[in-house]
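See structure below.
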Amino acid sequence: MATSGNGGRPFPEDLAVDILLRFPMEFLFQFKYVCKKWYEIMKSCSFIKEHMNWRNKNKSPQILIYDHSAPDNSPSITLISVSDAGVIENPPDYLKGFRGITYLLGSVDGLFLLKQEIDGSIFNISLSLWNPATREVRPLLATKFELQQSFRQIDRQFGFGLDPMNNDYKVVWFLSFWDDIINQTIPR
1 MATSGNGGRP
11 FPEDLAVDIL
21 LRFPMEFLFQ
31 FKYVCKKWYE
41 IMKSCSFIKE
51 HMNWRNKNKS
61 PQILIYDHSA
71 PDNSPSITLI
81 SVSDAGVIEN
91 PPDYLKGFRG
101 ITYLLGSVDG
111 LFLLKQEIDG
121 SIFNISLSLW
131 NPATREVRPL
141 LATKFELQQS
151 FRQIDRQFGF
161 GLDPMNNDYK
171 VVWFLSFWDD
181 IINQTIPR
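No gaps in the numbering here: position 132 of the sequence shown is 132 in UniProt numbering, and each next residue is one more.
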């Protein structure tokens, strides 16, 4: 039970949840110090799912325009609100640290997988998840592995999705190589 401003008398938790659901995510974070119980509610998996479903049903859609050919020093992402047809941000301020986005690889449930190639090398890349609702860009840790000298990379694919068994998002990276010694593609 959360308390109201009328002498500390509690009001039902379902009412607090119903009120919190109506706020955009960026405003919810401002409420985390108002009441410990509200913060616990906002952090719960059930609230996050319910909030996402409620926002998807009740919010005006947005269009994301990604300009792959934009130079490194200019915006490559623009968000446009469909309801008022005005530009929201160009680029969002919180993405300015992620200049040089090489690819927007995909999106799931409003999360975007971004890739930045550092020097053209197949292994020297930076992957990040971007959540426009919370304005967070979270870099993913790179995986290190040794490669045989006879291998040349011939293809790479990325996958991004929701694992329903663990209720968590997963990123996979598939690489194909040509082995110069046996003249064969690895994996077959």
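C-beta atoms are modelled at their ideal positions from N, C-alpha and C, and glycine is treated no differently. Everything numeric in this text was worked out from a predicted model, so none of it was measured.
DSSP state of residue i, grouped into three classes?
i      : result
PHE151 : strand
TYR39  : helix
SER44  : coil
ASP179 : strand
LYS115 : strand
LYS32  : coil
PHE27  : helix
ASN166 : coil
LEU104 : strand
GLU89  : Bear in mind that a pLDDT of 48 at GLU89, under 50, signals an unreliable position, so the model cannot answer this.
LEU141 : coil
Would you report the Cα separation of residue i and residue j, rounded to the nearest angstrom?
i      : j      : result
VAL171 : GLU13  : 36 angstroms
PRO24  : VAL108 : 18 angstroms
CYS35  : LEU111 : 28 angstroms
LEU114 : PHE158 : 11 angstroms
GLN184 : GLN149 : 14 angstroms
TRP178 : ARG156 : 12 angstroms
PHE151 : ASN53  : 46 angstroms
LEU175 : LYS37  : 46 angstroms
LEU127 : ASN166 : 22 angstroms
VAL137 : GLU26  : 14 angstroms
LYS57  : ILE19  : 16 angstroms
TYR169 : PRO139 : 14 angstroms
ILE41  : TYR33  : 12 angstroms
LEU104 : SER44  : 29 angstroms
TYR39  : ASP180 : 57 angstroms
ASP163 : ASN131 : 18 angstroms
TRP173 : ILE182 : 24 angstroms
LEU129 : ALA142 : 13 angstroms
Taking Cβ positions, are residue i and residue j nearer each other than 9 angstroms?
i      : j      : result
THR134 : PHE29  : yes
LEU15  : GLU50  : no
GLY106 : PHE160 : yes
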